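Student: First, the structure itself, so that you have it in front of you.
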Amino acid sequence: MSSTVLKTTIRNLYREKVYAVINIAGLSLAIACCLILGLYLRSQLSYDKHNTKYKQIYRVVNEFNFGGKIDTFAVTPQLLGQMLKEEYAEVKDYVRFMTINQMVLMRSDNNKAFYWDTTAFASKNVFDYFDHKFIFGDPKTIKNERFVAVSESFAKKYWGNENPIGKAITSENNTAKITHVFADLPKNSHLRYDVLQSDDIPFFNAPEDANQRRQTLWSVGFYTYLIMPEDYDISRFKDISDSFYKRHMEDMGTSLKATWRAWIQPLATIHYNSDVGYDQPTGNKHYLYGFTAVGIFILLVACINYMNLATARSTKRAKEVGMRKILGSGRKRLIIQFMGEAIFFSIVALVFGYILVMLALTQTPINGLLDNSIVLKDLYKPHLILWMLGFSVALGIISGIYPALYLSSIAPLTALGGSHKAGKGSIRLREVLVLIQFMISVCVVACTLLMILQMRFVSNMPLGFNKENRLIVTLRTADVIDKEPTLKKELLKNSNILGISLSTDVIGNVQAINALQIDNKDGVAELVTVKNTRVGNDFIDVMGIKLKEGRDFSKRLLTDVGEAYIVNAAMVKKMGWDQALGKHIQGGKVIGVVEDFHYDSLKNALDPIVLQRYNGTQNIQAQNRNLAIMYLIVNIKGENTFKTLSFLEEKFAEFDPQHPFEFEFMDDSLNKLYLDEQKQMELIGIFAAVCIFISCMGLFGLAAFTTEQRTKEIGIRKVIGATTMQIITMLVRTILLLVVGGSVIASLIAYYAMDEYWLIDFAYRININMYLWVFVVSALIAATVAYLTVAVQSFKTAQANPIDALRYE
Amino acid sequence: MIIETSKLTKVYRTDEVETTALDAIEFNLKEGEFVSVMGPSGCGKSTLLHILGLIDNPTEGSYRFLGEEVSKYSESKRASLRKANIGFVFQSFNLIDELTVYENVELPLIYLKTPSNERKAKVDKVLEKLDMANRGKHFPRQLSGGQQQRAAVARAIVNEPNLILADEPTGNLDSKNSIEVMNMMKGLNEEGTTILMVTHSDEMAKFSSRVIQLLDGKVVSQ
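Protein chains in written order, with our numbering: chain A, 1 to 809; chain B, 810 to 1031.
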């Protein structure tokens, strides 16, 4: 930009403050949104790439087919990696992980105790392939000893900034000494752990005998990562899988009527491209597409503002253009001037955009909604700043090119004669642009509303049990579980506690799926895979589940343990039973049928379920007694909750001094099942507001110019008798038509997107056809906001004495 | 009496200057009159016309229109009086470029909420009367100046107002067209319409029955 261009730009900016504010505010909001979304996307798309050797690391996943019932697993047999390495040259090495997916209480030697669900075991060579930044401990020695490495956050929680090497940490009677501290894993690592120990402990010992080894291949539990040559063609792994199956598994497979196969996934693709069972949390690619689309939308809306306002302003700028041309400025020079203005605007906007991002990340919960995946200090990295600078220049060019071409094309004489009006052509284009803006806004508003409706539907849907005032309390170790009857008796003395029962599973957790011998409708036993959970006495009553026929488990009948079953209506339907009571399951009998209840996320369909009475801890092997977990379900009165809770806590401390009191309200844990959806809803809501806001700012500016251009017409109409309302209506009509047009297109897009990509995740979902009013409401919201924007802007002119308008030219 | 004013005053104020455009004007207009307002540029004749036409408001003084004191009326009240009773003709025609002659003429009736069949009859009638029937579908820019002013007159009289205010209606026309328009105005006056016209031209003033002279915002003769 030459100095006169800069000068005129700044003077124009100063003279037309509203115009400048609208443009800069719109562009900076858009840049801020894009920066946030961009950083989020970058973090999501670089999942696991912090490992320098990520191109050589592949994860094995596998599939078991038992007589046609196919199950896929992200976890593999324990010895798979080792055996593959021994037998196939392509497999250079392997690393296996075993994650503990439940809360484990860890007590330090300075007697601090916290629960962690992020502990894992791994092969000793894990640090050769997976990058860790060591803070304490010598990484060179790591292979010579048994390592117990913890994350920085973990260490800080117990020992602050002290060097924790050599400190002891105890969980359920196992004590380990910390050998290394590593920097917290980046958020975009699909494996997450705060404690990583080497797997050279007896628990993981593998049998030496070849036959016994082969038998272990039929059970899974370990994540296996293979080190393969870079650019390995993953389809070639089929040969390895086939030959491995033939060599080690086929004989047993034939007798079990089962087959097995495995395939591999490049490390960097796991998070967004894996679709197997028993996996770490994976990402949904559709959300990334959605976020990208929203980012582009917002940019588009802001660019459109710029184009619209710049061309609308042409009437005002025409004189300058004419004069410059007469004084000898070529068209090219003018194009450069107007482009320069646009770039100037977007660079100023970049500065404000950066400030907005910092405010958003530090002062608002937005980063939390993005799983804290944005690291604030990344914002100051020079290459990002350079990138953003380039981005702003590109943005300036994109939004400035059309106005520059348009403005520079104004002929000098018409411009000076003052008869130049923003041409018909540019009005048409502006209308299209406004239509696109409102199409985008209505689309995001409609999506937000549909999400809200679905979430409301989910939380209002009768679940078949009572979720209010139910507490879930975790009981740890078999010894504590054994004390449950006494505990129950003690607790029930409190009149605020209405009932207590026990369950092996909590809501939303995958329950045991077992193959059971069950009578079919003709009374012949057959093997049926079904969800199977064990519950304590009074479960049905405490949960508020409705009994359809038969009876609940009885304390008095000892035979109820192991021999009595309660099934849900879905189970009766699945089996085709006419008379459910008395049907045999595993030698026992069905004693009751309950109405269906949703003991899982409504994203999953309701499954048949078989309830068995809990049979105590006597079957648990001695070494696992400390790991046993059961959940107490406590039905409490709605009032005096706080008092009841402290009573419970007090009693628990007496019964189990080893573990802190761990509880959750059932409705909270139900809501947790939809945390992702809740976050998406809030995010899209924020972006919807931003979209509408930017669109309206543009509209506000545009309305100012239209009103100005039509001032004389307004005067004439008023003289003839038009009222203020009629004038405003006239000015708003075109815009409302555009909003309506945009809304129609937007509704179709929103309908399709929600129906195909978002609601599809729910087994129980709203039918959009029943909620078509959402689209009307979204359109109305957009129309109202647009109407107000234009009305406010034109009210002054419409209200004024007509002579002021007539005198205008 | 259609118009009675007493001490009607208009003062324009900017940051530094205060200009008195009208200075205590006493003026009456009887039904059926055709009055011309004359005077040099800047004497306040257009301002007077605008205030009397209820498209601008006086700073001080009283203005009774059809017996109603309107000087303190709000814009919306003035608007409703205006649209029912006053037709305007301007020097620069002030037709709306985007509308056809027919639509321009129809506009006042739309604002009066006249039913559409009645509207059509009235517009056809007035276009016929002013010899513009075959121009209804034309846009203003397709017409000569005289034709445009006739269309503007048609628009002014379509709702049969009590009063027509004309602000130099022939100022942008050649002499032939000027005479034509003035004859038309004369005809309307003879049919009973009261007319108040601002003009520079003695020749045009001759068409009226009374002339008032303005100088520096004051009536010097009437």
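Using N, Cα and C, we set each Cβ at its ideal position, and we do this for glycine too. Model, not experiment: these values are computed from the prediction.
For LYS796/A, which residues in chain B fall below 7 Å Cβ to Cβ?
Tutor: Ordered by position in chain B, no residue passes the 7 Å Cβ test against LYS796/A, which lies about 12 Å from the chain.
Student: Taking all protein chains shown into account, decide if VAL744/A is buried (16 or more other Cβ within 10 angstroms of its Cβ) or exposed.
Tutor: So VAL744/A counts as exposed.
Student: Applying the criterion that 16 or more other CB atoms from any shown protein chain within 10 Å of the CB defines a buried residue, is GLY715/A buried or exposed?
Tutor: Buried, by the Cβ-count rule.
Student: Since I believe ASP109/A is in contact with LYS167/A (beta carbons under 8 Å), could you give me their beta-carbon distance rounded to a whole number of angstroms?
Tutor: With a Cβ gap of about 6 Å, LYS167/A and ASP109/A count as contacting.
Student: Among LEU288/A, ALA763/A and THR723/A, which has the Cα closest to the Cα of ILE919/B?
Tutor: Ranking the options by Cα distance to ILE919/B, first place goes to THR723/A.
Student: Which residues in the same chain as ALA628/A place their Cβ atom closer than 8 Å to its Cβ, once the five residues preceding and following it in sequence are excluded?
Tutor: Here the set comprises ARG476, THR477, ALA478, ILE481, THR617 and ILE620.
Student: Have a look at ILE760/A, ILE694/A, LEU772/A and ALA791/A and flag the residue whose alpha-carbon is nearest the alpha-carbon of ILE735/A.
Tutor: For ILE735/A, the nearest C-alpha among the options comes from ALA791/A.
Student: Apart from the five residues on each side of it in sequence, which residues of its chain come closer than 6 Å, Cβ to Cβ, to SER441/A?
Tutor: Counting only Cβ-Cβ distances below 6 Å, and skipping sequence neighbours, we find CYS691, ILE692, SER695 and ALA782.
Student: Based on DSSP bridge pairs, tell me the residues matched to ASP71/A.
Tutor: Partner(s): PHE64/A.
Student: Under a CB-based cut-off of 8 Å, is VAL740/A close to chain B?
Tutor: By this cut-off, VAL740/A is not an interface position.
Student: How would you call HIS248/A, buried or exposed, if buried means at least 16 neighbouring beta carbons within 10 angstroms?
Tutor: HIS248/A should be labelled buried.
Student: Please go through the same chain and pick out, in chain order, the residues whose beta-carbon is closer than 7 Å to the beta-carbon of PRO412/A, but skip the five residues on each side of it.
Tutor: Result list for PRO412/A: GLY322, LYS325 and ILE326, in chain order.
Student: Using a Cβ-Cβ cut-off of less than 9 Å, list which residues of the stretch 701-719 of chain A approach chain B; keep chain order.
Tutor: Residues LYS712, GLU713, GLY715, ILE716, ARG717, LYS718 and VAL719.
Student: Say whether chain A places a C-beta atom closer than 8 Å to the C-beta of PHE843/B.
Tutor: No, because no Cβ of chain A sits closer than 8 Å to the Cβ of PHE843/B.
Student: Along chain A, which residues have their Cβ under 9 Å away from the Cβ of ASN971/B?
Tutor: Going along chain A, no residue has its Cβ under 9 Å from ASN971/B, so there is no contact; the nearest lies around 14 Å.
Student: Measuring only between beta-carbons, confirm whether ALA722/A sits less than 8 Å from chain B.
Tutor: True, the Cβ-Cβ gap to chain B drops below 8 Å.
Student: Name, please, each residue of chain A whose Cβ falls closer than 8 Å to the Cβ of PHE897/B.
Tutor: Ordered by position in chain A, the residues that pass the 8 Å Cβ test against PHE897/B are VAL719 and ILE720.
Student: Check whether the Cβ atoms of LEU288/A and VAL91/A lie closer than 8 Å to each other.
Tutor: No, they are not a contact pair.
Student: Under a Cβ-count criterion, where at least 16 other Cβ atoms within 10 Å of its own Cβ denotes burial, should TRP260/A be classed as buried or exposed?
Tutor: Counting Cβ neighbours within 10 Å, TRP260/A comes out buried, since at least 16 surround it.
Student: Leaving out the 5 sequence neighbours to the left and right, which residues in its chain are closer than 7 Å to ALA965/B when beta-carbon positions are compared?
Tutor: Excluding sequence neighbours, ALA965/B sits near GLY896, PHE897, VAL898 and ILE973.
Student: If we call anything under 8 Å between Cβ atoms a contact, is SER373/A one with TYR40/A?
Tutor: Yes, the Cβ-Cβ distance between SER373/A and TYR40/A is below 8 Å.
Student: So, LEU936/B versus GLY955/B, is the Cβ gap smaller than 8 Å?
Tutor: Cβ distance not < 8 Å, so LEU936/B and GLY955/B don't count as in contact.
Student: Just tell me which of SER885/B, LEU817/B, LEU875/B and LYS839/B has its CA closest to the CA of LYS854/B.
Tutor: When each option's Cα is compared against that of LYS854/B, the closest is LEU817/B.
Student: Considering only the alpha carbon of each residue, which of SER1017/B, SER1010/B and HIS1009/B lies closest to MET993/B?
Tutor: The residue with the shortest Cα to Cα distance from MET993/B is SER1017/B.
Student: Apart from the five residues on each side of it in sequence, which residues of its chain come closer than 8 Å, Cβ to Cβ, to THR282/A?
Tutor: The answer, listed in chain order, is HIS190, ILE270, HIS271, TYR272, SER274 and ASP275.
Student: When Cβ atoms are compared, which residues of the stretch 774-805 of chain A fall closer than 7 Å to chain B?
Tutor: Answer set for the stretch 774-805 of chain A: GLN799, ASN801, PRO802 and ILE803.
Student: Applying the 10 Å Cβ sphere with the 16-neighbour rule, what's the burial state of SER314/A?
Tutor: Buried.
Student: Please decide whether LEU916/B counts as near chain A, where near means a Cβ-Cβ distance under 8 Å.
Tutor: Interface residue, yes.
Student: I'd like to know whether the C-beta of GLN726/A is nearer than 8 Å to at least one C-beta of chain B.
Tutor: Yes, GLN726/A counts as interfacial toward chain B.
Student: Should PHE843/B and ASN998/B be called a contact, given that it needs their Cβ atoms to be closer than 8 Å?
Tutor: Yes, Cβ-Cβ distance for PHE843/B and ASN998/B is below 8 Å.
Student: Buried or exposed: which applies to GLN357/A, given that a residue is buried once 16 or more other Cβ atoms fall within 10 Å of its Cβ?
Tutor: Checking the sequence shown, residue 357/A turns out to be Val, not Gln. Per the 10 Å Cβ criterion, buried.
Student: From ALA183/A to ARG96/A, what distance separates their C-alpha atoms?
Tutor: Near 21 Å, if we compare the C-alpha coordinates of ARG96/A and ALA183/A.
Student: Does the Cβ of PHE642/A have 16 or more other Cβ atoms within 10 Å, making it buried, or fewer, making it exposed?
Tutor: Exposed is the call here.
Student: I need the boundaries of the beta strand (DSSP E) containing HIS286/A, first residue and last residue.
Tutor: That residue, HIS286/A, is in no beta strand (DSSP E); its alpha helix (DSSP H) goes 285-312.
Student: When Cβ atoms are compared, which residues of the stretch 811-842 of chain B fall closer than 7 Å to chain A?
Tutor: Listed by position along the chain: nothing, the set is empty.
Student: Throw me the rounded Cβ distance for the ASN514/A and VAL530/A pair, which I believe falls under 8 Å.
Tutor: Between VAL530/A and ASN514/A the Cβ distance is about 7 Å, and since that is below 8 Å, they are a contact.
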